[in-house]
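Each residue of the sequence shown is one higher than the one before, starting from 8 at the first, in our numbering.
Ideal Cβ placement from N, Cα and C applies to all residues, glycine included.
Just so we're clear, the structure is a prediction, and the values are computed from it rather than from any experiment.
See below for the structure under consideration.
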Amino acid sequence: MTTLSSGQEHNPGARPASEATEAAAAEHVRDIFTSIAPTYDRLNHLLSFGLDRRWWRRTALTFRNTLARPDARVLDLCCGTGDLTAALLALRPKPESAEPNAEPITALDFSPEMLRLARSKFPTSQIRWIEADAMHLPFADNSFDLVTAAFGFRNLTDYAAGLREIHRVLRPAGRIGILEANQPSGLAAVLYNPYFKFILPLLGGLLSGDRAAYKYLPASVARFPRPPRMLSLMQQAGFVHPSWDAYLLHAAGLYRATKP
8 MTTLSSGQEH
18 NPGARPASEA
28 TEAAAAEHVR
38 DIFTSIAPTY
48 DRLNHLLSFG
58 LDRRWWRRTA
68 LTFRNTLARP
78 DARVLDLCCG
88 TGDLTAALLA
98 LRPKPESAEP
108 NAEPITALDF
118 SPEMLRLARS
128 KFPTSQIRWI
138 EADAMHLPFA
148 DNSFDLVTAA
158 FGFRNLTDYA
168 AGLREIHRVL
178 RPAGRIGILE
188 ANQPSGLAAV
198 LYNPYFKFIL
208 PLLGGLLSGD
218 RAAYKYLPAS
228 VARFPRPPRM
238 LSLMQQAGFV
248 HPSWDAYLLH
258 AAGLYRATKP
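Next up, the structure:
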């Protein structure tokens, strides 16, 4: 587990083509994910060697105590086609149990095509699907007990502002969990980076028909803050006890923190 330390400054947020404005960058990100939506799930499983499923379950289990509470309100940001949402739902009280009125999970994404696929995969009333921008959440202050995101936070156009927005909608003592990719260093980089920077974009581009989208993937990870800087941003946003649990050669990991 990595805890708070100082780190190098990084760019404020995603810029797929070095856009001059956040609005242009956000529109480009939306276009990328709309383009790859039809092959998104299959390629995620293939290119991660199936480890993505394990990571979603591991993330959900980290918050099992919160998820087990029927009254807990849960928000899954940048939900894509809903796989982390489903992993979270698996640990929620079932409607046929002694808690028939358990709160549904709210799953949010700004790509309508991703949400269409998510609804078709998981047609359940226990998930409330919402199309909206994670940078401008359509919820009141202090609304949720848990906010999660899986491999989508790095696509926000301002990481610090995104963390502040999550902090705003969390209730006091609410928790944040961001599962995100990372660029390893040292020996791990020697083993992993050639695959991630060269082989993965090539395979993803060939199989999806959109090479530009899969060139964006390693570029977005390279741009994203390293764990020490990300933990510092979480603290600056008002969170306490920020930490990072590394997965697979430090190529991914779970950021966690609590709102005081």
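| said: Using C-beta distances below 7 Å, list every residue in its chain close to TYR166, excluding the 5 sequence neighbours before and after it, in chain order. | reply: One-based indexing of the sequence shown puts residue 166 at position 159. For TYR166, where only same-chain residues beyond five positions count, the Cβ hits under 7 Å are PRO19, GLY20, PRO232, LEU240.
| query | At which residues does the alpha helix (DSSP H) containing HIS257 begin and terminate? | reply | Numbered from 1 along the sequence shown, position 250 holds the residue referred to as residue 257. For HIS257, no alpha helix (DSSP H) segment is defined, and its DSSP state is neither H nor E.
| query | With burial defined as no fewer than 16 other Cβ atoms inside 10 Å of the residue's Cβ, what is the status of PHE40: buried or exposed? | reply | As a first step, residue 40 must be located in the sequence shown, where it is residue number 33. Burial state of PHE40 is buried, judged by a 10 Å Cβ sphere holding 16 or more other Cβ atoms.
| query | So does the region 234 to 249 actually touch the region 203 to 212, counting three or more Cβ pairs closer than 8 Å? | reply | no
| So does the region 119 to 129 actually touch the region 160 to 179, counting three or more Cβ pairs closer than 8 Å? | no
| query | Can you round the beta-carbon distance between THR164 and ALA33 to whole angstroms, since I take them to be within the 8 Å contact cut? | reply | Counting from 1 along the sequence shown, the entry for residue 164 is found at position 157. Counting from 1 along the sequence shown, the entry for residue 33 is found at position 26. With a Cβ gap of about 5 Å, THR164 and ALA33 count as contacting.
| query | What separation, rounded to the nearest whole angstrom, lies between the Cα atoms of ASP83 and ALA196? | reply | Looking up residue 83 in the sequence shown gives position 76. Looking up residue 196 in the sequence shown gives position 189. Using only the alpha carbons, I get a separation of about 30 Å.
| field | Own chain partners of LYS222 with C-beta closer than 6 Å, once the 5 adjacent residues on each side are dropped | value | Locating residue 222 in the sequence shown gives position 215, counting from the first residue. Once the five neighbours on either side are set aside, the close Cβ partners of LYS222 are PRO208.
| Are the beta-carbon atoms of GLU114 and ARG135 separated by less than 8 Å? | Within the sequence shown, numbered from 1, the residue matching residue 114 stands at position 107. Within the sequence shown, numbered from 1, the residue matching residue 135 stands at position 128. Reading off the sequence shown, one finds Ala at residue 114, where the question assumed Glu. Against a cut-off of 8 Å, the Cβ pair of ARG135 and ALA114 comes out as a contact.
| request: Find out if the Cβ-Cβ distance for the pair ALA139, PRO145 is shorter than 8 Å. | output: Here the question's residue 139 lines up with position 132 in the sequence shown. Here the question's residue 145 lines up with position 138 in the sequence shown. Yes.
| said: Given a cut-off of 8 Å on the beta-carbon distance, is the pair GLY87 and GLY159 in contact? | reply: Mapped onto the sequence shown, residue 87 falls at position 80. Mapped onto the sequence shown, residue 159 falls at position 152. For GLY87 and GLY159, yes; Cβs fall inside 8 Å.
| Does the distance from the CB of ASP152 to the CB of VAL176 come in under 8 Å? | The residue you call residue 152 lines up with position 145 of the sequence shown. The residue you call residue 176 lines up with position 169 of the sequence shown. Contact: no.
| field | C-alpha gap between PRO267 and ALA93, whole angstroms | value | Mapped onto the sequence shown, residue 267 falls at position 260. Mapped onto the sequence shown, residue 93 falls at position 86. Distance between the alpha carbons of PRO267 and ALA93: 28 Å.
| request: Select from ARG178, LEU256, LEU238, ARG161 the residue whose C-alpha is nearest the C-alpha of ALA229. | output: What you label residue 229 is simply residue 222 of the sequence shown in a count that begins at 1. When only C-alpha atoms are compared, the closest one is ARG161.
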